[in-house]
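Undergrad: In the numbering used here, the protein residues as written are 2 to 209.
Dropping the structure in here first, questions after.
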Ligand code: ADP
């Protein structure tokens with residue numbers, strides 16, 4: 002109904018009314034994301050973690066994730082880059098879940114990078130069984146005191162910009178859970194005011 006109102010189907014709105022409805026819409030979407038994240042973690046705690054493993058081509062999935070976040074990146078004046086060597090790796094993974102990990106890491110990278118910054122999604126061979134995917138940003142970085150905690154549920158670093166960034170502190174714990182369910186591992190490197198890189202490994206599809 003908010004959409005219908007914004008599109009003018011219930012009569013023309015003035016710019017101020019449209020702006021406030023836009024805020025309401027963002028609020029609803031944010032609440033939906035928090036509810037979905039809490040449901041996801043609750044389900045996985047009770048053992049209902051469904052994985053649909055398939056042969057997945059990483060490149061189209063990565064491009065889809067980047068396309069979906071383009072408006073957000075443009076609004077924040079951030080350039081998104083994709084650096085996946087061809088031939089694109091074929092993963093043995095649940096595409097929906099990998100999409101969730103990419104979305105969480107890319108959203109954070111955009112959120113915690115000042116305007117004019119760069120976010121790069123990269124994939125490289127790791128070993129015979131795994132590919133290494135990374136999300137690099139040129140952002141604020143993660144302070145040493147926060148580094149031990151950022152994968153904890155609801156943890157958010159306490160820097161001055163955090164309150165403006167929204168979020169719920171669940172994204173990274175969900176990413177870790179999904180990566181580990183695939184048999185991979187997730188880690189990061191960060192330098193304050195220089196940037197952060199998150200790395201995770203995902204199994205390659207075993208070629209017969
Ligand atoms: P959310 O983004 O919803 O706050 P997350 O679990 O995704 O929750 O991240 C936890 C915290 O880790 C964030 O609140 C932020 O303080 C820190 N963080 C995550 N990614 C980055 C990043 N790329 N750069 C700087 N800080 C980050």
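Note that CB positions come from ideal geometry on N, CA and C, so glycine has one too.
#1: Among 190, 139, 9, which has the Cα closest to the Cα of residue 23?
#2: Taking 8 Å as the cut-off, does the region 72–79 touch the region 102–119 (at least 3 CB pairs, one atom from each stretch)?
#3: Can you check which of these residues, 195, 183, 191, is closest to residue 204 by C-alpha distance?
#4: What is the residue span of the beta strand (DSSP E) that residue 82 lies within?
#5: Which value, in whole angstroms, describes the spacing of the CA atoms of residue 89 and residue 139?
#6: Which residue marks the beginning of the beta strand (DSSP E) containing residue 41, and which one marks its end?
#7: Can you give the beta carbon distance from residue 137 to residue 196, rounded, assuming they're within the 8 Å contact cut?
#8: Start and end of the beta strand (DSSP E) containing residue 58?
#9: In terms of alpha-carbon separation, which member of 157, 152, 121 lies closest to residue 175?
#10: If you reduce the DSSP assignment to three classes, tell me which class residue 67 lands in.
#11: Would the region 95–105 and the region 43–59 be scored as touching if the rule is three or more Cβ pairs under 8 Å?
#12: Name the DSSP bridge partner or partners of residue 131?
#13: Tell me which same chain residues have a C-beta within less than 6 Å of the C-beta of residue 209, skipping the five on either side of it?
#14: Could you spell out the range, first to last residue, of the beta strand (DSSP E) harbouring residue 123?
#15: Buried or exposed for residue 1, please, with buried defined as at least 16 other CB atoms from any protein chain shown within 10 angstroms of its CB.
#16: Would residue 117 count as contacting chain C if we go by Cβ distances under 8 Å?
#17: If residue 81 sits next to residue 67, beta carbons under 8 Å apart, how far is it from one beta carbon to the other, in whole angstroms?
#18: Return helix, strand or coil for residue 193, following the three-state DSSP convention.
#19: Taking only the alpha-carbon atoms, compute the straight-line gap between residue 130 and residue 63 and give it to the nearest angstrom.
#20: So if DSSP puts residue 169 in a beta bridge, which residue, or which two residues, is it bridged to?
#21: Grab me the residues of residue 133's own chain with a C-beta within less than 8 Å of its C-beta, minus the 5 sequence neighbours each way, in chain order.
#22: Run through the DSSP bridge pairs and tell me what residue 137 is partnered with.
TA: Let me lay it out:
#1: 9
#2: yes
#3: 183
#4: 80–85
#5: 25 Å
#6: Looking at the DSSP string, residue 41 is not in any beta strand (DSSP E); the run it does join, the alpha helix (DSSP H), is 16–46.
#7: 7 Å
#8: 55–58
#9: 152
#10: helix
#11: yes
#12: 204
#13: Reliability of the predicted coordinates at residue 209 is poor, the pLDDT of 47 falling under 50, and no value is obtained from them.
#14: 119–126
#15: For the chain, the structure presents residues 2 to 209; residue 1 sits outside this window and is missing.
#16: Absent here is chain C; the protein component of the structure consists of one chain.
#17: 5 Å
#18: coil
#19: 20 Å
#20: In the DSSP output, where bridge partners are listed per residue, residue 169 has none listed.
#21: 124, 125, 126, 127, 200, 201, 202
#22: 121, 198
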